[in-house]
Amino acid sequence: MARGTRIFAGPRLRQLRLDHRMDQATMALALGISVSYLSQLENDDRPLTAKVKAALAGAFPVDWASFDKREEEHLLGAFTFALGHPELPGASLEPERIEKLHLQFPEFAARYVDLYNAHLRANERINMIEEAIASDNGVEARLPWEAARDWFHEAGNYIHAIDCLAEELAAKLTAGQSLDEGMLVEALARRHGIETLVADTPDSSLRSYTPSEKRLFINAALPTESRKFMLAHQLMMLEGAAEIADIVNRAALPVVGADRLLTIGLGNYAAGALLLPYAQFREAARVARHDIDRLARRFGVSFEQACHRLSTLQRPGLRGIPFFFCRVDMAGNITKRHSATRLQFARFGGACPLWNVHEAVAIPDRINVQLGETPDGVRYVSMAKGLVKPSGSYARTPRRYAVVLGCEVAHAANFVYADGLLLEDEGAATPIGVSCRLCPRQSCDQRAFPPADRPIHVDPDNRQIVPYWIG
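Reading the sequence shown from the start, the letters are residues 12 to 482 in our numbering.
Right under this line is the structure:
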C-alpha cells in the first residue's frame with residue numbers, strides 16, 4: 012500500500028466507500044475534497060496527503076484505525092485526533108503542520124497521545140466519583156457490577172475466543188440455518204446428556220440448572236425468543252466453560268462478587284454469539300441496512316437481542332458499524348450500556364432528558380428516531396423503541412423499558428433509521444448530552460441539576476426556566 016513514506020491506498024479507499032454505501036460525491040463531501048480528486052486517490056494516481064488522512068481519521072475513526080498497519084501512521088492518526096479535541100482552546104492546527112510535527116518529533120507525538128489518553132481516563136474516574144457522590148447509595152454498592160461492566164467496555168464489547176467458539180458451534184448445529192428451540196434442546200441432550208423441562212412455575216424463576224441431575228428447567232411463560240436465549244446460555248456455559256474460566260481468571264477483578272457477574276455476562280455474550288453468528292449476522296445486517304425488525308425476524312431473536320448483538324460487531328478486519336447501545340427503565344436508569352462510538356454514557360443515574368429513549372419508554376412498540384448533537388459537536392442518528400417483557404402472570408407486573416441504538420452520521424447511509432432526517436441542517440439536531448451533572452451546555456430548559464465541575468450564578472431578582480446560569 013505504501014511507496015516510500017507515501018501512502019497509496021486506492022483499493023482500500025474504494026472499499027471503504029462501498030462498505031459505507033457511499034457514491035463518490037457523498038464521500039468527497041465527507042472528506043472535503045473534489046470528486047475528481049477522490050477518483051485520482053482511488054485509482055492510485057495520487058497518494059494520501061496529510062489533509063486527506065486527517066479527514067479520513069475524523070470521518071471514519073474506527074476504519075482508519077486499521078487502514079494502515081504501519082506504527083507511524085497509527086501514531087499520526089492518534090496524534091491528529093488528540094490535537095483536534097474540541098475542548099482545546101484556539102484554532103486547530105493545519106494537517107500539514109501536524110504531520111510535520113509528528114515526523115520531526117515522534118517521541119513528543121507519542122507522549123502527547125499518552126497524555127491525552129491519561130486525561131480521558133482521569134476524566135472518567137472523576138465522573139465516576141462525582142456521580143457516585145451524587146447518588147443515594149454511594150459507590151460501594153455498585154462496584155461489583157461496575158467492575159464487570161467496565162471490563163466489557165475495556166474489551167470493546169467483543170470477546171474473540173468466545174465469539175469464534177460460538178460461531179463454529181452454530182455452524183455444526185444448523186448448517187447455515189437459524190437455530191430454533193428444538194435444535195438447542197437436542198444439542199443439550201446429545202452433547203451433554205441434559206434433560207430440558209419447559210413448564211410453568213409459581214415463582215419468578217426463569218432458568219434453573221441442576222448439575223448433579225443434569226436437568227435444566229425453563230419457564231414456559233417466557234416468550235419463544237427468551238426461551239431460546241436461556242437454552243443458548245446454558246449450552247454455551249458448558250461448551251465454553253474452559254474459555255470463560257480462563258478469561259475470568261485473567262481478568263482478576265479485584266471486587267468480591269465481580270468474577271461471578273463477569274461469568275454470567277460472558278455466558279450471555281456467548282448465547283448472543285451462538286444465536287447470531289458473527290459473519291452471517293454482520294452480512295445480513297449490512298444487506299438490511301441494520302433494520303432491527305427484519306434482523307430479529309430473520310434470526311428468530313428479540314428486538315433487544317438484535318440491537319445488543321449489533322453493538323458487539325468489533326472483530327478486527329471484519330468490523331460492523333460502530334454503534335452505541337443502552338437500555339433504560341421506566342425511572343430513566345441505564346441498566347445496559349456500551350458504546351463503540353465517541354459518545355459515552357453516565358456511569359450512574361439517568362441519561363439526558365432530551366434523548367428520544369425516554370419518550371420510547373412511555374410509548375412501547377413505536378420506533379422513535381432522532382438526530383442528536385453532543386457538546387463536542389459530533390452528530391448521531393439514534394433509534395429507540397419501548398418494549399414490554401410479559402411476566403406470565405396477572406400477579407406479576409410486566410417489565411417495561413426501552414432500548415436505543417445509534418451511530419455517528421458518517422454511517423447514516425447504512426442505517427435505515429436515518430432515512431428522512433435532515434442530516435446536514437444545522438438546526439435539525441437535538442442538543443443532547445451525557446447527563447445533567449456532566450453536561451457543559453450553557454442553556455438547557457430540561458436541566459435537572461447544574462454541572463458538577465462549573466460554578467453557577469443565581470440572581471434573586473430574575474428567574475428563567477432554570478433558576479441559575481452557568482459560570
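Here a beta-carbon is modelled for each residue, glycine too, at the ideal position from N, C-alpha and C. Values in this document were obtained by computation on a predicted structure and should not be read as measured data.
Can the beta-carbon of Met-394 be found closer than 8 Å to that of Ile-378? yes
message = To the nearest angstrom, how far is the alpha carbon of Lys-225 from that of Leu-329?
response = 38 Å
Nearest-angstrom Cα separation, counted from Asn-367 out to Tyr-391:
12 Å
message = Need the endpoints of the beta strand (DSSP E) that Tyr-391 sits in, please.
response = 390-400
Check your understanding: How is Tyr-412 classed by DSSP in three states: helix, strand or coil?
Key -> strand
Exercise. Ignore the nearest five residues each way along the sequence and tell me which others in Tyr-479's own chain have a CB closer than 8 Å to its CB.
Key: Pro-461, Ile-467, His-468 and Val-469
Report all residues from its chain with a CB closer than 8 Å to the CB of Leu-94; omit the five preceding and five following residues, and keep chain order.
Ser-103, Leu-104, Ile-109 and Tyr-123
Candidates Arg-348, Ser-216 and Lys-396: which alpha carbon is nearest Trp-156's? Arg-348
**Study point:** Under the three-state DSSP convention, the category Glu-250 falls into
**Key:** helix
query: Taking the DSSP output, what are the residues bridged to Arg-348?
result: Cys-337
> I think Leu-199 touches Leu-242, with their Cβ atoms under 8 Å apart; what is that distance to the nearest whole Å?
Replying inline: 7 Å
- What span of residues does the beta strand (DSSP E) with Glu-384 cover, start to end? 378-384
Check your understanding: Along the chain, where does the alpha helix (DSSP H) that runs through Thr-274 open and close?
Key -> 269-286
Leu-190 classed as buried or exposed, judged by whether at least 16 other C-beta atoms fall within 10 angstroms
buried
- Simplified DSSP assignment, three categories, for Glu-437: coil
In the DSSP assignment, find the unbroken beta strand (DSSP E) run with Thr-207 in it and report its ends.
-> 206-210
| message | I need the straight-line Cα distance from Gly-331 to Phe-116, nearest angstrom please. | response | 35 Å
**Prompt:** Just how far apart, CA to CA, sit Asn-529 and Asp-387?
**Reply:** The requested residue 529 does not occur in the structure, where the chain is confined to residues 12 to 482.
Margin query: Does the region 434-452 come into contact with the region 41-49, if we say contact requires no fewer than three beta-carbon pairs (one atom in each stretch) closer than 8 Å?
Written below: no
### Query
Is it buried or exposed for Glu-53, if we count other Cβ within 10 angstroms and need 16 for buried?
buried
### Query
Does DSSP put Thr-60 in a helix, a strand or coil?
coil
Discussion item. Here's the rule I'm using: 16 or more other beta-carbon atoms within 10 Å means buried, otherwise exposed. How should Phe-119 be labelled?
Written reply: exposed
Practice item. Just tell me which of Arg-28, Ala-371 and Ala-281 has its CA closest to the CA of Phe-163. Key: Ala-281
Review point. What does a CB cutoff of less than 7 Å around Asp-55 pick up in its chain, not counting 5 residues either side in sequence?
Key: Phe-19 and Gly-21
How is Thr-221 classed by DSSP in three states: helix, strand or coil? strand
Leu-277 versus Arg-293, Val-259 and His-31, residue with shortest Cα-Cα distance
Val-259
message = According to DSSP, is Leu-449 part of a helix, a strand, or is it coil?
response = helix
Name the DSSP bridge partner or partners of Asn-230? Ala-210
Q. For the alpha helix (DSSP H) that Phe-356 lies in, which residues bound it at each end?
A. Phe-356 -> no alpha helix (DSSP H), and no H or E assigned at all.
Discussion item. Please classify Ala-421 as buried or exposed, where buried requires at least 16 neighbouring CB atoms within 10 angstroms.
Written reply: buried
Next item on the list: With DSSP as the reference, please indicate the residues paired to Ile-4 in a beta bridge.
Entry: For the chain, the structure presents residues 12 to 482; residue 4 sits outside this window and is missing.
Note to self: So, for Val-312: in the same chain, excluding its five sequence neighbours on each side, which residues have a beta-carbon less than 6 Å away from its beta-carbon?
What the structure shows: Glu-236 and Leu-286
- Query: When the Cα of Tyr-405 is compared with those of Ala-210, Ser-215, Leu-59 and Ala-182, which residue comes out closest?
  - Reply: Ser-215
inquiry  = Taking the straight line between their C-alpha atoms, what separation do you get for Cys-455 and Tyr-169?
reply    = 36 Å
Task: Identity of the residue in Glu-250, Ala-362, Met-341 and Phe-356 nearest Ala-459 by Cα - done: Ala-362
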